[in-house]
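In my numbering, the protein residues as written are 1 to 56. Even for Gly, the Cβ is constructed at its ideal location relative to N, Cα and C.
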Amino acid sequence: GVISIERMYPFTLGSNIGTTITGIMAALTATTALELRNALQIALCHTFFNIFGMYI
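Here you go:
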């Protein structure tokens, strides 16, 4: 079937935010404090980029 834009928009935003969880989980596998800091910084930048993009 066909889904209207009004119904599809929340699904698109949710999936966009949901994909950032994978990066955060991968960042948590870092072995040293420096690696953890750098990995979380990138993962959270990706998350915030998608969140701010949602508001635009």
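- From the listed residues A33, T29, I24, the smallest Cα separation to T47 is found for I24.
- Taking 8 Å as the cut-off, the Cβ atoms of T22 and N50 do not count as close.
- The criterion of a C-beta distance shorter than 8 Å is satisfied by A27 and L40.
- Cβ contact annotation for I3 (same chain, cutoff 6 Å, sequence separation greater than five): none.
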